[in-house]
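In terms of our numbering, the sequence shown opens at residue 537 and continues consecutively.
Even glycine gets a Cβ: it sits at the ideal position worked out from N, Cα and C.
One structure is given below, encoded as structure tokens.
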Amino acid sequence: MILTPEVLTIFVLNALFAFFALVAFVLSIKIVLKWDLNSVSQSQYKLEKLSYLGSTIIKYIFSIKVPLFLFFVFTLDKISNVLTGAMCAAGVVDATVYGTPLFVLKIINLYVFAYWIVLHKEDMKYENQPFVKQKFTLFIVAFFLFMAELILEGVMFSSIEIDKMVSCCGTLYSSSSTSAISSIFSLGDFTLLSIFYGMFFMLFVFYRLKNKYLFAITNVLFIIISLISLIVFFGTYIYELPSHHCPFCFLQSDYYYVGYLIYTLLFLGTFNGVVVGFVPKNELQRVKNYKLSLFFNTLYVILLSYFPIIYYVKNGVWL
Numbered sequence: 537m538i539l540t541p542e543v544l545t546i547f548v549l550n551a552l553f554a555f556f557a558l559v560a561f562v563l564s565i566k567i568v569l570k571w572d573l574n575s576v577s578q579s580q581y582k583l584e585k586l587s588y589l590g591s592t593i594i595k596y597i598f599s600i601k602v603p604l605f606l607f608f609v610f611t612l613d614k615i616s617n618v619l620t621g622a623m624c625a626a627g628v629v630d631a632t633v634y635g636t637p638l639f640v641l642k643i644i645n646l647y648v649f650a651y652w653i654v655l656h657k658e659d660m661k662y663e664n665q666p667f668v669k670q671k672f673t674l675f676i677v678a679f680f681l682f683m684a685e686l687i688l689e690g691v692m693f694s695s696i697e698i699d700k701m702v703s704c705c706g707t708l709y710s711s712s713s714t715s716a717i718s719s720i721f722s723l724g725d726f727t728l729l730s731i732f733y734g735m736f737f738m739l740f741v742f743y744r745l746k747n748k749y750l751f752a753i754t755n756v757l758f759i760i761i762s763l764i765s766l767i768v769f770f771g772t773y774i775y776e777l778p779s780h781h782c783p784f785c786f787l788q789s790d791y792y793y794v795g796y797l798i799y800t801l802l803f804l805g806t807f808n809g810v811v812v813g814f815v816p817k818n819e820l821q822r823v824k825n826y827k828l829s830l831f832f833n834t835l836y837v838i839l840l841s842y843f844p845i846i847y848y849v850k851n852g853v854w855l
């Protein structure tokens, strides 16, 4: 087990989150089962007060958990300094069998939690709160994902052995690696970049067509192809090394923490795109999300494209 100030902070926050999430879970079940907007009974009045309490608890838990994801990544990076063989967070994630499932679950929860916050804000705009059942039903599902994350996180940190040799990112993210991630290197650069820029172009096409569902689905697919292209192609130009594909090292000070900007832009762009298709909004607000999605996704593409272009300008060759 490894205990650092950052890990202890996460444990304390998780304990608090678990307690309040359990309270909100119980309230959510009551509301989903008994909510009746047309009723004027005393029980409905109590449910309306409970819904406000439950929404407030959930809102603050999720509002903290979303940015706390970056703190989790920062913690993994700090821990890598005390693990033999680890150069960055990648080594910590691979140090136990729980690391990769936890990281995937955290990314899924990141979008689910942010989605709940947006749905809640939309619900609070109307006096009759038309999405009360929908948002509390979503929280019931999110609660199990949330608790699974907290348990898995505790198990992962408890399973880390400081004196055990772990793999470095150069081994984990390479075409010769035995890990599952090695399969993505079979894609050629031309094919990969064609899919990446083609999918980005399709976002503008679906925006012009005002097809909110295809726009949202394309954003989901854009998350996947963006991460793959970042690991296989763009990352090598950030490091200026053809063999270095790690998606964590550029979160470090050596690369001016540019990774935090890259991932933040990707999240903001794709999340606003998903919101377009799956959160009930009026047309004016939907157009705003369309534009925010295209704005942040465009910044993301420009930022990634900058690295190979500037490398070619400086060196006259591609990696």
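- In the structure shown, Y733 falls within a helical segment according to DSSP collapsed to helix, strand and coil.
- The alpha helix (DSSP H) runs lying completely inside the segment 619 to 676 and spanning 4 residues or more are 625 to 629, 635 to 659, given in chain order.
- Non-local C-beta neighbours of I696 in its own chain, meaning closer than 8 Å and more than five positions away in sequence, comprise M537, I538, I615, L619, V628, A631, T632, ordered along the chain.
- The beta carbon of L573 lies closer than 7 Å to those of N664 in the same chain, with the five residues before and after it left out.
- Fewer than three Cβ pairs drawn from the segment 593 to 604 and the segment 762 to 771 lie within less than 8 Å of each other, which leaves the two stretches out of contact.
- Per DSSP, the unbroken alpha helix (DSSP H) holding I798 starts and ends at 794 to 814.
- For I767, there is no enclosing alpha helix (DSSP H), as DSSP gives it neither H nor E.
- Residue burial is scored here from C-beta neighbours: P783 has at least 16 other C-beta atoms within 10 angstroms and is therefore classed as buried.
- Note on geometry: alpha-carbon atoms of E819 and D613 lie some 42 Å from one another.
- In the structure shown, S710 falls within a coil segment according to DSSP collapsed to helix, strand and coil.
- For P541, the uninterrupted alpha helix (DSSP H) run begins and ends at 541 to 570, by DSSP.
- In terms of Cα proximity to L802, the closest of N825, I759, Y826, N747 is I759.
- Your pair W652 and F598 checks out as a contact, with CB atoms roughly 6 Å apart and the cut at 8 Å.
- In terms of Cβ geometry, S789 and N808 do not form a close pair [threshold 8 Å].
- Rounded to whole angstroms, the separation of the alpha carbons of M692 and Y634 is 5 Å.
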